[in-house]
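A.B. asks: Anchor point for the sequence shown: position 202 equals 215 in this note's numbering, and the numbering is continuous, going up by one each time.
Every residue gets a Cβ at the ideal spot worked out from N, C-alpha and C, and that includes glycine.
On a predicted model such as this, the values are computed, not experimentally measured, just so you know.
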Amino acid sequence: MKYQLKIFILLIVSVFLPFLAQARDNAQITDWYIKDFQSTITVNKDSSLLVEEKIIADCGNLPDKHGIFRIIPTQAKTEKGTIKTPVELAGITDFDGNKIPYSAITDNFNHTVTWKIGDADKTVAGVNQYKIIYLVKNAIRNGNADFDELYWNILGNFWDIDIEKFSVDIVFPDGINQTNSETYVYSGNPNFKETPLENHDWTKNNTLRIESKQMIYPHIGITASMTFPKGNTTPYQPGFIELYGDYFWFLIPLMAFILSFCVWNKYGKDPVINKTIIPEFEIPENMTPMEMGLLYRNGSFGDSLISATIVDLAVKKYITIEEIPKSGIFGKQDFRLNITGGNSTLLGKPEAVLIDKIFGTEQSVLLSKLKNNFYKDLPEIKKTALESLKAKNLIYQSGLTLKIVFLVFAIILFSGAITTAGLANVMVLAALALSAAILLTFGLLMPKRTASGAELNWRIKGFKLYMETAEKYRAQFNEKENIFEKFLPYAIMFGMAKLWIAKMEQIYGKDYFAAYHPAWYAGAFSGNFDADSFTSHMNGLSAGIAANIGTDSGAHGAGAAGGGGGGGGGGGW
Numbered sequence: 014m015k016y017q018l019k020i021f022i023l024l025i026v027s028v029f030l031p032f033l034a035q036a037r038d039n040a041q042i043t044d045w046y047i048k049d050f051q052s053t054i055t056v057n058k059d060s061s062l063l064v065e066e067k068i069i070a071d072c073g074n075l076p077d078k079h080g081i082f083r084i085i086p087t088q089a090k091t092e093k094g095t096i097k098t099p100v101e102l103a104g105i106t107d108f109d110g111n112k113i114p115y116s117a118i119t120d121n122f123n124h125t126v127t128w129k130i131g132d133a134d135k136t137v138a139g140v141n142q143y144k145i146i147y148l149v150k151n152a153i154r155n156g157n158a159d160f161d162e163l164y165w166n167i168l169g170n171f172w173d174i175d176i177e178k179f180s181v182d183i184v185f186p187d188g189i190n191q192t193n194s195e196t197y198v199y200s201g202n203p204n205f206k207e208t209p210l211e212n213h214d215w216t217k218n219n220t221l222r223i224e225s226k227q228m229i230y231p232h233i234g235i236t237a238s239m240t241f242p243k244g245n246t247t248p249y250q251p252g253f254i255e256l257y258g259d260y261f262w263f264l265i266p267l268m269a270f271i272l273s274f275c276v277w278n279k280y281g282k283d284p285v286i287n288k289t290i291i292p293e294f295e296i297p298e299n300m301t302p303m304e305m306g307l308l309y310r311n312g313s314f315g316d317s318l319i320s321a322t323i324v325d326l327a328v329k330k331y332i333t334i335e336e337i338p339k340s341g342i343f344g345k346q347d348f349r350l351n352i353t354g355g356n357s358t359l360l361g362k363p364e365a366v367l368i369d370k371i372f373g374t375e376q377s378v379l380l381s382k383l384k385n386n387f388y389k390d391l392p393e394i395k396k397t398a399l400e401s402l403k404a405k406n407l408i409y410q411s412g413l414t415l416k417i418v419f420l421v422f423a424i425i426l427f428s429g430a431i432t433t434a435g436l437a438n439v440m441v442l443a444a445l446a447l448s449a450a451i452l453l454t455f456g457l458l459m460p461k462r463t464a465s466g467a468e469l470n471w472r473i474k475g476f477k478l479y480m481e482t483a484e485k486y487r488a489q490f491n492e493k494e495n496i497f498e499k500f501l502p503y504a505i506m507f508g509m510a511k512l513w514i515a516k517m518e519q520i521y522g523k524d525y526f527a528a529y530h531p532a533w534y535a536g537a538f539s540g541n542f543d544a545d546s547f548t549s550h551m552n553g554l555s556a557g558i559a560a561n562i563g564t565d566s567g568a569h570g571a572g573a574a575g576g577g578g579g580g581g582g583g584g585g586w
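(1) Give the straight-line distance between the Cα atoms of Leu452 and Gly361, rounded to the nearest whole angstrom.
(2) Our contact map puts Ile54 next to Ile167 with C-beta atoms below 8 angstroms; I'd like the distance itself, whole angstroms only.
(3) Buried or exposed: Asp524, going by 16 or more other Cβ atoms within 10 Å of its Cβ?
(4) Rounded to the nearest angstrom, what separates Glu177 and Cys72 at their Cα positions?
(5) Please classify Phe343 as buried or exposed, where buried requires at least 16 other C-beta atoms within 10 Å of its C-beta.
(6) Using DSSP with H/G/I as helix, E/B as strand and the rest coil, what is Glu255?
(7) Going by the DSSP bridge assignment, what does Thr5 pair with across the sheet?
(8) Using 10 angstroms around the beta-carbon of Pro338, count the other beta-carbons present and answer buried if the total reaches 16, otherwise exposed.
(9) Could you check what DSSP says for Leu360 in three-state terms: helix, strand or coil?
(10) So does the region 403 to 422 actually touch the region 455 to 467, counting three or more Cβ pairs closer than 8 angstroms?
(11) Short check: CB of Leu163 to CB of Leu63, under 8 angstroms?
(12) When burial is assigned at 16 or more other CB atoms within 10 Å of the CB, is Ile431 buried or exposed?
(13) Report yes or no: do the region 494 to 514 and the region 313 to 331 share at least 3 C-beta pairs separated by less than 8 angstroms?
(14) Select from Ala527, Phe82, Lys48, Glu494 the residue whose C-alpha is nearest the C-alpha of Gln227.
(15) Where are the alpha helix (DSSP H) runs, 4 residues long or more, that stay fully inside the region 55 to 125, in chain order?
(16) Following the continuous alpha helix (DSSP H) through Asn278, name the residue where it begins and the one where it ends.
(17) In terms of residue numbering, what span does the alpha helix (DSSP H) encompassing Val418 cover?
(18) Counting beta carbon pairs with one atom in the region 414 to 428 and one in the region 389 to 399, are three or more of them shorter than 8 angstroms?
(19) Can you tell which of Ala237, Pro531, Met509, Ala152 has the C-alpha that lies nearest to the C-alpha of Pro99?
(20) By how many angstroms is the C-alpha of Phe171 removed from the C-alpha of Gly582?
(21) Three-state secondary structure (DSSP) at Gly306?
(22) Could you tell me which uninterrupted alpha helix (DSSP H) segments, each at least 4 residues in length, are contained entirely in the region 131 to 199, listed from first to last along the chain?
(23) By the 10 Å Cβ neighbour count, where 16 or more other Cβ atoms means buried, how is Tyr143 classified, buried or exposed?
(24) Who are the Cβ neighbours of Asp173 in its own chain at under 6 angstroms, not counting the five residues just before and after it?
(25) DSSP puts Phe50 in a beta bridge; with which residues?
(26) Taking the runs of the beta strand (DSSP E) that are 3 residues or longer, which of them lie wholly in the region 365 to 390?
(27) Since I believe Lys129 is in contact with Ser116 (beta carbons under 8 angstroms), could you give me their beta-carbon distance rounded to a whole number of angstroms?
(28) According to DSSP, is Gly581 helix, strand or coil?
(29) Starting from the N-terminal side, write out each stretch of the alpha helix (DSSP H) that is 4 residues or longer and does not extend beyond the region 450 to 533.
(30) Is it the case that the region 235 to 255 contacts the region 195 to 204, given that we only count it when at least three CB pairs across the two stretches are under 8 angstroms?
(31) Specify the secondary structure class of Asp316 as computed by DSSP and reduced to three states.
(32) In the DSSP assignment, find the unbroken beta strand (DSSP E) run with Glu295 in it and report its ends.
(33) Distance, Cα to Cα, Glu393 vs Glu304?
(34) Which residues does DSSP list as the beta-bridge partners of Ile352?
(35) Taking the alpha carbon of Pro76 as the point to measure from, which residue in Lys58, Asp38, Val137, Gln41 has its own alpha carbon closest?
(36) Got a sec? Which residues, its chain only, sit under 6 angstroms from Tyr309 by beta carbon, not counting five neighbours each side?
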């Protein structure tokens, strides 16, 4: 009797001990965990899988719990490369068929789809049931000449919560059974060597059951390889939309181009000037570098216009420029601008606004003091210069307005592409970026010059041609005085200061520069003041101005990927 009693007690313990060990009271629950995970995978002849997952999850009495989430990969890595495994959700309910709210997130960077199950406005407690049904296409590997294979991560290595019990029934179509197939099942972390899992058996002639009765901890997956004779499944055939549907996104940039071109052709295209460009030996209409640069660049504003205007004000003796050499190893070169007391009422309004924004109530200012502040004044300076061009009937207001509209939409599209990077399809990102580039290009071309503005721009091109080929026109050059300094600000505006100084050296000779020193510029020159030295100082001045009137920005991103066929993971929220 004592022996029989011991046997009875051992039987009772062996039956109930696993349940007692797994049972959790609310005090032991620190996060969601899955009490039971039952999956049924039906293998279809078209190489797709119909997956039904029944999940019993428990969050005890923890606060702020809403549901679980499930992550499924949409591609798999094979020995022949990466293949797409499109996923279609059929439904998410409880075990009684009642629908449960969810949100879907497609991550095209990591190639996953996530179903976030639950309501953010409602909390849940205790045991909850979730039934997820979805279809996975292109799941069977047909590349081997001797057999086909279902190589599938039936659980997923990316679960963040414990799973106490897991089982799956894999139902094969007629023709695939225990006698003509081979099965291998492994369990473990993908970063380490997986170990064979023996808990699998055929419950019916065409149904394979795999189960794990022990606790499955986070990031531990179960992978099954099942090979069977060829001819029982047909290779996956993607449809037309699946093959080429992504390219339809490029209809967006096509439409953007057609619309932009039509608008530009009507509101932004300049009157045609069918005349050969000839050299212009004087500053056309005595325009300032800022106004000329804006008209020449079709309303585009840049740092070089500020640099050119500052040098122009210095040449005209409204200000002086003093170079301050860097001191010490880590010191930086700086410049001091000084007001000379010239009659500022003789200046144009854009130049007067520029001086006011730079100096304010001061008579002297370091360029370095303008850093990260002066850029805020650039829109007002640009607006004033554009108003001057409009007042002189050189550009149309409609083109300026449309330019702003185009640039705003370009920024929106660029921002959309950046913020959805990783979530949106690569083709979508490319289409958005290309559309933004088209809008940006036409936006920059949009400001329309009037007939007189187009004529003046033709003369500006002639003036630039003269500066580029000044050595050919020595006679005209020598008829004028102080041409070198007078035209220097325009050379800076055109981005050809080095070329202009080289032309002057050809015309004046090296002896001229050896004795030359501009009255408006106080620099730390060493030895003779030659053309190369002056070029270096002008480049330093332009770089110094540019470095102290703007700000910079940056962006970054990151991502990760993993897993093979099937798998994925999930967690609670």
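C.D. replies: With the given structure in hand:
(1) 33 angstroms
(2) 7 angstroms
(3) exposed
(4) 13 angstroms
(5) exposed
(6) helix
(7) This structure gives no information on residue 5, because the portion of the chain shown stretches from 14 to 586.
(8) exposed
(9) coil
(10) yes
(11) no
(12) exposed
(13) yes
(14) Lys48
(15) none
(16) 264 to 280
(17) 410 to 432
(18) no
(19) Ala152
(20) 4 angstroms
(21) helix
(22) none
(23) buried
(24) Pro231, Gly584
(25) Ile68, Phe179
(26) 377 to 379
(27) 5 angstroms
(28) coil
(29) 464 to 481, 487 to 491, 496 to 507, 510 to 521, 523 to 528
(30) yes
(31) helix
(32) From DSSP, Glu295 is part of no beta strand (DSSP E); its letter is neither H nor E.
(33) 14 angstroms
(34) Ile332
(35) Val137
(36) Ile473
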